[in-house]
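K.L.:
Below is one structure. I have some questions about it.
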Amino acid sequence: MEMTDVDLLLVTDKPGELTVASTDDEKLVHAVWMKSNRICLLSMRRSILDHLKSGLLTDCTAKELMTAISERYHVSSNADIGSLLQVLFNMKYDSNGGVRDYVIRMVDYQTKLKALKVDLPDTCIVHQALNTLSPEFSIIKTNYNSQDESWSINDLISRVVAEEEKLKKEKRSSCFICCWF
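Heads up: the sequence shown is residues 1 to 181, going by the UniProt record's numbering.
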């Protein structure tokens, strides 16, 4: 949009109404701004589903329409915080996918919460991850709980991934032994 000055109305205020005394430069700025507004409105209205358009402003600038849409679909940050915390604290590792991805998903929720001004310390994520891992990772949990120092998230990831690899190797060798007999 920027290359064709379509975004002009987003970065500049609406120019004043034209008068008989308006200069050629003012007329040009007004014409370019009006074209930018018209193109943005067309683009926005075409991209909004018909049933969502009802009740939106019809005689307005694109900037005003964007404001109206954002007000209509504004979600309370408290609702976002509640949803993110609920998802984070209800996560359980189910052995589908890797344990690294599981911990990184938790960190992603931590980052989203931080953007909403809810700071969860890394130690909280480490504890939550360890508490929700499957029983196969009990050695890692015991190892962590027996130490005085806390692990960083990167420490946790490297240790649980190493344990996951060890468990996979043990599972393969036990399958091989079972199939052998």
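The C-beta atom is built at its ideal place from N, Cα and C for all residues, glycine as well.
Fair warning: this is a prediction, and the values are worked out from it, not measured in the lab.
Near E164, what residues of its chain come up, given a Cβ to Cβ distance below 6 Å and the 5 sequence neighbours on each side ignored?
P.N.:
Closer than 6 Å at Cβ, skipping near neighbours: V99.
K.L.:
Please report the straight-line C-alpha distance between E2 and L8, rounded to a whole angstrom.
P.N.:
Its pLDDT being 48, under 50, E2 is placed unreliably in this model, and the coordinates cannot settle the point.
K.L.:
Do you know how far the Cα of A68 is from the Cα of D148?
P.N.:
Taking the straight line from one Cα to the other gives about 54 Å.
K.L.:
If I measure Cβ to Cβ from K141 and keep anything under 6 Å in the same chain, skipping five residues before and after, which residues do I get?
P.N.:
Once the five neighbours on either side are set aside, the close Cβ partners of K141 are L130.
K.L.:
Once you ignore the five residues that flank C40 on each side, which residues in its own chain have a CB closer than 7 Å to its CB?
P.N.:
These residues qualify, in order along the chain: V6, L9, A62.
K.L.:
With DSSP run on the structure shown, which of helix, strand or coil describes A21?
P.N.:
Correct three-state label for A21: coil.
K.L.:
So, with DSSP's three-state summary, where would you put M66?
P.N.:
DSSP places M66 in helix when its eight states are reduced to three.
K.L.:
Using only the alpha-carbon positions, how far apart do residue 243 and E71 sit?
P.N.:
Here the chain covers residues 1 to 181 and nothing more, so residue 243 does not appear.
K.L.:
Quick check: the region 84-95 against the region 132-146, are at least 3 beta-carbon pairs closer than 8 Å?
P.N.:
Yes, they touch.
K.L.:
Please say whether V103 and L52 have beta carbons closer to each other than 8 Å?
P.N.:
Result no, Cβ atoms of L52 and V103 do not sit closer than 8 Å.
K.L.:
Beta-carbon within less than 7 Å of L65's beta-carbon, same chain only, minus the 5 sequence neighbours each way: which residues are those?
P.N.:
Around L65: L41, M44, L56, L57.
K.L.:
On the CB-based measure, 16 or more other CB atoms within 10 Å of its CB, does L84 come out buried or exposed?
P.N.:
Buried is the call here.
K.L.:
Secondary structure at C60, three-state DSSP: helix, strand or coil?
P.N.:
Here C60 sits in coil by DSSP.
K.L.:
Within the same chain, show all residues whose beta-carbon is closer than 7 Å to that of Y109, passing over the 5 residues directly before and after it, in chain order.
P.N.:
Excluding residues within five positions, the ones whose Cβ falls inside 7 Å are L84, V87, L88.
K.L.:
Could you give the distance in angstroms between the alpha-carbon of A162 and the alpha-carbon of K168?
P.N.:
Looking at the two C-alpha atoms, the distance is approximately 10 Å.
K.L.:
Taking all protein chains shown into account, decide if residue 249 is buried (16 or more other Cβ within 10 angstroms of its Cβ) or exposed.
P.N.:
Residue 249 lies beyond the stretch modelled for the chain, which goes from 1 to 181, so this question has no answer here.
K.L.:
Would you kindly report the start and end of the unbroken alpha helix (DSSP H) that includes S77?
P.N.:
Looking at the DSSP string, the run of the alpha helix (DSSP H) that includes S77 is 77-90.
K.L.:
So, is G16 buried or exposed, given that buried needs 16 or more other C-beta atoms within 10 angstroms?
P.N.:
G16 should be labelled exposed.
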